[in-house]
Amino acid sequence: MGKSYRIAVIPGDGTGPEVAREAVKVLDAAAAAHGFTLAFETFDYGGDRYLRTGEVLPESAADEMRAFDAILLGAIGHPDVKPGILEKGILLRLRFELDQYINLRPVKLFPGVETPLKDKGPEEIDYDVVRENTGDLYTGTGGVTMRGTPHEVAVQSAVYTRFQVDRCLRYAFELARRRNRRKTVALCGKTNVLTYLYDLWERAFHEMGERDYPEIRRDYYHVDATCMWMVKNPEWFDVIVTGNMFGDIITDLGAITQGGMGIAAGGNINPEGVSMFEPIGGSAPKYTGKNVINPLAAICAGAMLLRHLGEEAAADAVERSVAAATATKIKSLAAGRMGHSTTEVGDLIAEGIGG
Ligand code: IPM
Ligand code: MN
67 MGKSYRIAVI PGDGTGPEVA REAVKVLDAA AAAHGFTLAF ETFDYGGDRY
117 LRTGEVLPES AADEMRAFDA ILLGAIGHPD VKPGILEKGI LLRLRFELDQ
167 YINLRPVKLF PGVETPLKDK GPEEIDYDVV RENTGDLYTG TGGVTMRGTP
217 HEVAVQSAVY TRFQVDRCLR YAFELARRRN RRKTVALCGK TNVLTYLYDL
267 WERAFHEMGE RDYPEIRRDY YHVDATCMWM VKNPEWFDVI VTGNMFGDII
317 TDLGAITQGG MGIAAGGNIN PEGVSMFEPI GGSAPKYTGK NVINPLAAIC
367 AGAMLLRHLG EEAAADAVER SVAAATATKI KSLAAGRMGH STTEVGDLIA
417 EGIGG
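The sequence shown runs 67 to 421 under our numbering.
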């Protein structure tokens with residue numbers, strides 16, 4: 067008998083439950099084919115629960131999550147809840163409380179998927195963005211005075227400690243080693259303007275690289291230039307490492323180059339704790355309940371989850387099945403235009419996982 071893992075599922079809002087269901091279906095198929103079992107437990111965190119109970123997340127949530135081997139998240143965001151409440155109260159709170167200090171976002175073009183980048187294919191678009199996930203403008207450091215007056219002052223500071231920067235850089239260098247492709251880490255910063263913040267990153271980057279990863283090449287790009295090169299020369303990249311805010315922005319750019327939110331997945335990773343995997347798109351309220359939303363992003367998040375558990379062969383099998391489907395069977399990644407329903411796409415991927 068193989069191993070057994072406990073997985074918490076937070077289906078969340080909108081189309082979250084529909085895509086999470088397909089991801090669970092595929093994970094079960096992968097587990098069956100690769101000799102391990104998954105025990106899923108579902109949590110109802112999200113907009114509906116908040117509207118019903120007035121509570122965004124129970125106090126005990128993070129502690130409960132710690133008992134699991136990993137978390138799978140569908141989507142957070144509800145049309146009847148003011149923007150920010152659920153995002154901050156659920157997604158960001160879990161990231162912080164579980165100290166998921168890495169946000170790993172693969173930018174990978176699957177075969178047959180249309181990219182807006184001219185003359186670029188799966189060979190050229192295949193890199194990982196390592197976004198720091200606990201610091202920067204996301205810490206809430208700052209405040210407001212004289213609110214609502216013409217003299218209102220608003221301050222929100224980007225904060226990084228050497229410790230946060232070092233542990234993030236360590237992950238990025240180790241990832242470049244594991245990927246074993248171009249053996250390159252590119253730091254994305256803004257050293258010409260953020261002369262304290264990215265000076266810290268740049269010094270830490272070169273110190274660690276020179277000392278511990280001499281075989282890994284180090285590049286540096288300002289964030290604005292990074293955006294240009296991600297479009298013009300994505301093949302330059304292997305691993306990009308950056309702070310939380312720039313990482314948020316450039317990974318949406320990356321996602322659109324790999325075919326958009328229908329396929330882009332991410333992992334909120336605590337290498338020493340419990341990690342949470344999610345499709346990076348939103349809850350898509352207008353497609354809710356129609357069985358037309360694309361579940362591939364959630365399924366790819368599931369593949370990342372398997373890889374994180376150490377079930378590499380199962381993760382590879384899921385990705386191969388996704389690649390086979392995008393290459394031949396799925397017409398478009400857009401909701402309603404896939405040529406299949408949400409559940410059919412889940413079936414296709416599950417069936418494509420050989421025993
Ligand atoms: C993301 C999202 C979140 C973020 C929002 C919903 C808080 O945009 O995961 O990229 O800014 O991190
Ligand atoms: Mn984002």
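A virtual CB, placed ideally from N, CA and C, is assigned to each residue, including glycine.
- A residue is called buried once 16 or more other Cβ atoms fall within 10 Å of its Cβ, and alanine 380 is buried on that count.
- With a cut-off of 8 Å on Cβ pairs, the stretch 101-114 is not in contact with the stretch 384-403, counting fewer than three such pairs.
- Under the DSSP assignment, alanine 74 falls in the beta strand (DSSP E) whose first and last residues are 70-78.
- For glutamate 153, the shortest separation between its Cβ and any heavy atom of the ligand IPM lies below 7 Å.
- Its Cα nearest to that of glutamate 130, the residue Arg72 stands out among Ala401, Val384 and Arg72.
- For alanine 74 and arginine 236, the gap between their C-alpha atoms comes out near 28 Å.
- Per DSSP, the unbroken alpha helix (DSSP H) holding arginine 245 starts and ends at 228-245.
- A contact is defined here as three or more CB-CB pairs under 8 Å, and the stretch 151-166 meets this definition with respect to the stretch 333-346.
- Secondary structure of alanine 89 (DSSP, three-state): helix.
- The secondary-structure analysis by DSSP pairs methionine 212 with nothing; it has no beta-bridge partner.
- Only exposed fits glutamate 180, as fewer than 16 other CB atoms lie within 10 angstroms of its CB.
- Beta-carbon to beta-carbon, glycine 178 and threonine 394 are separated by about 7 Å, close enough to satisfy the 8 Å threshold.
- The beta carbon of leucine 160 sits closer than 8 Å to the beta carbons of Leu123, Ala127, Ala128, Met131, Ile137, Gln166, Asn334 and Met342 from its chain, once the five residues preceding and following it are set aside; these are given in chain order.
- Burial check for serine 349: the Cβ neighbour count within 10 Å reaches 16 or more, so the residue is buried.
- At least one heavy atom of the ligand MN is found less than 7 Å from the C-beta of aspartate 314.
- For leucine 158, the CB falls within less than 7 Å of some heavy atom of the ligand IPM.
- Linking isoleucine 282 to arginine 245 through their CA atoms gives a straight-line distance of about 11 Å.
- The three-state secondary structure of tyrosine 279, taken from DSSP, is coil.
- Linking leucine 266 to leucine 375 through their CA atoms gives a straight-line distance of about 32 Å.
- Note on geometry: alpha-carbon atoms of isoleucine 365 and alanine 331 lie some 8 Å from one another.
- DSSP places asparagine 258 outside both helix and strand once states are collapsed to three, so it counts as coil.
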